[in-house]
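Here's the structure we're looking at; comments come further down.
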Ligand code: HEM
Ligand code: HEM
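Residue numbers (the working numbering), protein chains in the order written: chain C, 6 to 149; chain B, 1217 to 1342.
Structure follows, in structure tokens:
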């Protein structure tokens, strides 16, 4: 594609490792993976849940196919992907719309950068997503 | 300009999904927590619960909204990922048209399911 910016020379390899950037670079990979995983699940989900429009027998039969420990584990992974993608999505939206970037200040010594604040935000996102995923895990496997 | 508009909708759809899917996840997956709070004690994917939700206008409407928002957000995000790999002009058109057609077809099918579910629920005496 004709781009006005830099050409994407890394291709798919760039998803996994992009060089010497910090852990936010891997949050990008994770956001992409979780988004794609949710999309794949969701597409199948539309077909599975549509059987409820046919009637109780069709629904019960479908549910008996998609049950068991393997599906429970898969559904938990969907929940965890949702937890990360949602919380990190709020961070991305906030930064992209300029809310979490910080005010411009004069470059007076000792210099400050907005990266410190953004890094704190990224850490908070990881912690919140972890807590939500943990809570989901308890509900899935312990309190069910 | 056009891409910016589509992207803004992508972010807007994210906000809608956040609310609606958040609710969906709590109902479907935090049933242990909801039971503890005394809000719900039936199995959320059992036919009785499914039929009860199907009979509610709130769930029907929010499911169609979530369907549209998540399909747009997901397929537009997927399109962005593919565009980053610098496809040629023809491949780009195939991606744009192909993803739009698949997305719209899924939306039509899912909307049919959401609108037909109340009928199935009442016919079965749910
Ligand atoms: C829970 C609420 C959600 C929020 C707040 C959210 C937010 C976001 C944001 C902010 C982006 C990045 C946009 C950008 O940087 O330009 C994104 C990308 C994406 N999202 Fe979501 N999203 C949510 C749910 C979903 C769901 C349910 C799906 C699947 C159906 C999904 C699939 C994707 C995909 C495929 C991408 C593209 C990833 C990439 O370019 O690397 N998202 N989302
Ligand atoms: C992994 C755990 C999930 C479970 C157990 C689950 C369960 C269900 C069930 C039982 C229904 C049928 C309607 C009802 O009973 O009220 C349904 C419908 C729906 N779900 Fe989920 N869901 C999950 C994840 C998701 C995700 C990740 C998304 C979005 C991206 C989603 C979006 C929808 C939509 C849009 C409908 C309505 C579909 C239609 O009417 O065509 N669900 N879900």
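Ideal Cβ positions, reconstructed from N, Cα and C, are used throughout, including at glycine. Note that the coordinates shown come from a computational prediction; the quantities given were computed from them, not determined experimentally.
{"Asked": "Could you work out which residues of chain B lie near residue 51 (chain C), taking near to mean beta carbons separated by less than 7 Å?", "Found": "1322, 1325, 1326"}
{"Asked": "When you compare the CB of residue 55 (chain C) with every CB in chain B, is at least one pair closer than 8 Å?", "Found": "yes"}
{"Asked": "Helix, strand or coil: how does DSSP classify residue 103 (chain C) here?", "Found": "coil"}
{"Asked": "Following the continuous alpha helix (DSSP H) through residue 133 (chain C), name the residue where it begins and the one where it ends.", "Found": "120 to 146"}
{"Asked": "So, using beta-carbon positions, are residue 44 (chain C) and residue 1294 (chain B) closer together than 8 Å?", "Found": "yes"}
{"Asked": "Does the stretch 1318 to 1338 of chain B come close enough to the stretch 39 to 56 of chain C that 3 or more CB-CB pairs lie under 8 Å?", "Found": "yes"}
{"Asked": "Within the present structure, is the beta-carbon of residue 145 (chain C) separated from the nearest heavy atom of ligand 1 by less than 7 Å?", "Found": "no"}
{"Asked": "Would the C-beta of residue 1294 (chain B) count as close to ligand 4, meaning under 7 Å from any of its heavy atoms?", "Found": "For the structure depicted, ligand 4 is absent and the ligand set comprises only ligand 1 and ligand 2."}
{"Asked": "Tell me the rounded alpha-carbon separation between residue 1342 (chain B) and residue 67 (chain C).", "Found": "Because residue 1342 (chain B) carries a pLDDT of 45, less than 50, the predicted location of this residue cannot be relied on, and no value is offered for it."}
{"Asked": "Any heavy atom of ligand 2 within a distance shorter than 7 Å of the CB on residue 54 (chain C)?", "Found": "yes"}
{"Asked": "Reducing DSSP to helix, strand and coil, say where residue 117 (chain C) ends up.", "Found": "coil"}
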